[in-house]
Amino acid sequence: MAVLARWALVGIALIHGALAGFSSTATNNVAIYWGQNSANQAGSQQRLATYCSNTKLNIIPLAFLYVIKNPTLINFANAGDNCTVFSGSQLLSCPQIEADIKTCQSQGKTILLSIGGATYTEGGFTSSTEATTWANTLWAMFGPPPPSSSTNGINRPFGTAVIDGFDIDVEATSQNLVPFANQLRTNMDAATTQGKTYILSVAPQCPYPDAANNAMLSAVRFDFVSVQFYNNYCGVSSYVPGSAAQSNFNFGTWDTWAKTVSKNPNVKILLGIPGSASAGGGYVSGAQLAAVVAFSRGFESFGGVMVWDMSQAFANAGFLDSVAAALAGSGPVVTPTATAKPASSATTVKPGTTLASSVRSGTPTATTTGPVPSVTLVPQWGQCGGIGYTGSTQCQPPYTCVYLSEWWSHCD
Ligand SMILES: *[C@@H]1O[C@H](CO)[C@@H](O)[C@H](O)[C@H]1NC(C)=O
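Given below as structure tokens:
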């Protein structure tokens, strides 16, 4: 009996070590979005299970559920080709993703369904009652299967697979998201057992306060927040190595949000970065990535890294290794100086095109201050516009300056 008990404990310890999904106490969580095949190269997005034995990532938000109501729609780019549709609807039925979610969960991954994306344009809900109703419907579609008598003809795109929670990535102003997200949270909390906890995350852009998600950020209990530190002036490419007070890179502002505004005072903030130069504006890797991670780790709320997206990260040789190395912490930690309480004045931020599969952008050239000689031409992927940008707005031929957000234009 004693021997058996010890074996059982060893077994549990091993399983615990191997099954590391999102951890609210870890500083090395890695979330990578899958589903939009943003690299859009032949063969670049493989089926979900392909990525689940990889130990350099532990959270996969599936992107996206891009229409919530009238009717619910999901899109997974080329992976959707392996789905069929439920009869009489355009809703995908995806047995392969169903199987892969189970495979990934057995390998310890946390699988979330991401709601929104740049193409989400419904504007939310007309009332809190409608918001609550749709939260319950999504829970019946993707949470634990309801008893069949109460299914009421609900189609479940992932069949008997049960996701580990939701990620909200709304990028346009929308109504009644607070009662929607709170009802998702209520359903998750009610279903939580010793064996299964559910996770709720949100992915705002770095300018604070976030235009689309701000109401939820102060009223909903999130487990983690993946802040998009790209396509914006406040992104990782504007981090100044060695400086304790950063004037543009604003992880400190988000850390202050975590401590003073967040419903969950232990919320984790993931540093959202592009997975390659073509995945988003302000790509960094190597030493700059190690430096910005080392700096961000100085904040108590730092929980790891979020990457957009799987197809880009895996097409970019060595990138995930550099993320793992940065999180393993070989670089010196610069102790950040205290950051003031997040400003309550609204900053108007145009909804970014950040998580669209069509987004392509890259490493900015160093910005210059003062007059720029007219001969300076910005290379491909370099920044050519945005609030606060003072460099050249002219691109090297044949590139043109493409608007991505109020804060970021680049040559493409
Ligand atoms: C589609 O299914 C095929 C056959 O199982 C598989 O090899 C491929 O990886 C799948 N593609 C995606 C993007 O899921």
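As numbered in mature numbering (1 follows the signal peptide of the UniProt record, and there is no 0), residues -20 to -1, 1 to 392 make up the sequence shown, in order. Cβ atoms here follow ideal geometry from the backbone N, Cα and C, with glycine treated the same way. Since the model is a prediction, treat every value here as computed from it, not as a measurement.
Taking Cβ to Cβ, would you say residue i is nearer than 7 angstroms to residue j?
i      : j      : result
Ser372 : Val358 : yes
Phe209 : Leu180 : no
Ala43  : Thr83  : no
Ser217 : Gly262 : yes
Tyr46  : Gly103 : no
Ala11  : Met196 : no
Gly255 : Asn296 : yes
Asn9   : Gly284 : yes
Gln87  : Ser33  : yes
Val78  : Ala170 : First, the residue type needs correcting, since residue 78 is Glu and not Val in the sequence shown. Taking 7 angstroms as the Cβ cut-off, Glu78 and Ala170 do not qualify as a contacting pair.
Gly252 : Ser206 : yes
Ile81  : Phe122 : no
Asn156 : Ala111 : yes
Thr7   : Phe282 : yes
Going by DSSP, what residue range makes up the alpha helix (DSSP H) through residue i?
i           : result
Val158      : Leu157 to Ala171
Asp235      : Phe231 to Thr240
residue 395 : Nothing about residue 395 can be read from this structure; the chain reaches only from -20 to 392.
Gly266      : Gly266 to Ser276
Taking the beta carbon of residue i as the centre, do at least 16 other beta carbons fall within 10 Å, making it buried, or is it exposed?
i           : result
Gln70       : exposed
Ile367      : exposed
Trp387      : buried
Ile54       : buried
Lys176      : exposed
Met365      : This sequence places Gly at residue 365; Met is not what is there. It counts as buried.
Arg165      : buried
residue 478 : Since the displayed the chain opens at -20 and closes at 392, residue 478 lies outside it and no answer follows.
Pro51       : exposed
Thr240      : exposed
Asn246      : exposed
residue 394 : The question about residue 394 has no answer, for the chain in this structure spans -20 to 392.
Asp149      : buried
Asp301      : exposed
Could you work out which residue in the options is closest to residue i when comparing CA atoms only?
i           : options                           : result
Ala304      : Leu269, Ile48, Gln16 and Tyr210   : Leu269
Tyr213      : Tyr188, Met121 and Glu102         : Tyr188
residue 405 : Val47, Lys49 and Phe146           : No information on residue 405 is available, as it lies outside the stretch -20 to 392 that the chain covers here.
Gln26       : Asp61, Gly96 and Ala267           : Asp61
Leu384      : Gln374, Pro377 and Trp361         : Trp361
Ile143      : Gly1, Tyr369 and Gly365           : Gly1
Trp234      : Leu250, Val220, Thr356 and Pro221 : Leu250
Ser4        : Ile148, Lys248, Cys74 and Glu110  : Lys248
Thr153      : Asn167, Val205, Pro124 and Thr99  : Thr99
residue 424 : Ile48, Gly15, Pro51 and Ala19     : Any property of residue 424 remains undetermined from this structure, which presents the chain solely from -20 to 392.
Pro41       : Thr236, Gly298, Val182 and Val273 : Val182
Phe229      : Trp237, Val220 and Thr236         : Val220
Leu307      : Leu157, Phe275, Pro377 and Phe122 : Phe275
Ser242      : Ala267, Asn193 and Gly309         : Asn193
Asp289      : Ser258, Tyr379 and Trp119         : Ser258
Ser134      : Glu151, Ser73 and Gly222          : With the sequence shown as reference, residue 134 is identified as Ile, and Ser is not the correct amino acid for it. Among Glu151, Ser73 and Gly222, the Cα nearest to that of Ile134 belongs to Ser73.
On the three-state DSSP scale, how would you describe residue i?
i        : result
Ser324   : Reliability fails at Ser324, whose pLDDT of 43 lies under 50, so the model's placement of it is uncertain and no value is given.
Thr140   : coil
Ala43    : strand
Val303   : helix
Phe209   : coil
Ser291   : helix
Gly104   : strand
Phe202   : coil
Leu37    : coil
Thr373   : coil
Leu(-17) : With a pLDDT of 43 at Leu(-17), under the threshold of 50, the modelled position of this residue cannot be trusted; read the value that follows with caution. Leu(-17): helix per DSSP, three-state reduction.
Leu357   : coil
Gly60    : helix
Val285   : strand
Thr345   : Here Thr345 scores only 30 on pLDDT, less than 50, and its place in the model should not be relied on; the value that follows carries that caveat. Correct three-state label for Thr345: coil.
Val220   : coil
Leu72    : strand
Ile(-6)  : Because the pLDDT of Ile(-6) is 39, which lies under 50, any placement of that residue in the model is unreliable, and the number read from its coordinates should be weighed accordingly. Note: Ile(-6) maps to helix in three-state DSSP.
Specify, as a first and last residue, the run of the beta strand (DSSP E) that residue i falls within.
i           : result
Val10       : Asn9 to Ile12
Ser389      : Trp388 to Cys391
Ala94       : Inspection of the sequence shows that residue 94 is occupied by Ser rather than by Ala. Its beta strand (DSSP E) spans residues Thr90 to Gly97.
residue 436 : Summary: the structure shown does not reach residue 436, with the chain confined to residues -20 through 392, and so no result is reported for it.
Asp149      : Gly145 to Val150
Gln226      : Gln226 -> no beta strand (DSSP E), and no H or E assigned at all.
Ser181      : Ile179 to Val182
Lys49       : Segment: none, Lys49 is in no beta strand (DSSP E) and carries neither H nor E.
Cys364      : Gln363 to Gly365
Gly298      : Here Gly298 belongs to no beta strand (DSSP E), and DSSP marks it neither H nor E.
Lys248      : Lys248 to Pro254
For residue i, would you say it is in contact with chain C, using Cβ-to-Cβ distances shorter than 7 angstroms as the test?
i      : result
Tyr100 : As a matter of chain content, chain C is missing from the structure shown, which is built from one protein chain.
For ligand 2, enumerate in chain order all residues having a CB closer than 7 angstroms to any of its heavy atoms. No copy of ligand 2 appears in this structure; the ligands present are ligand 1.
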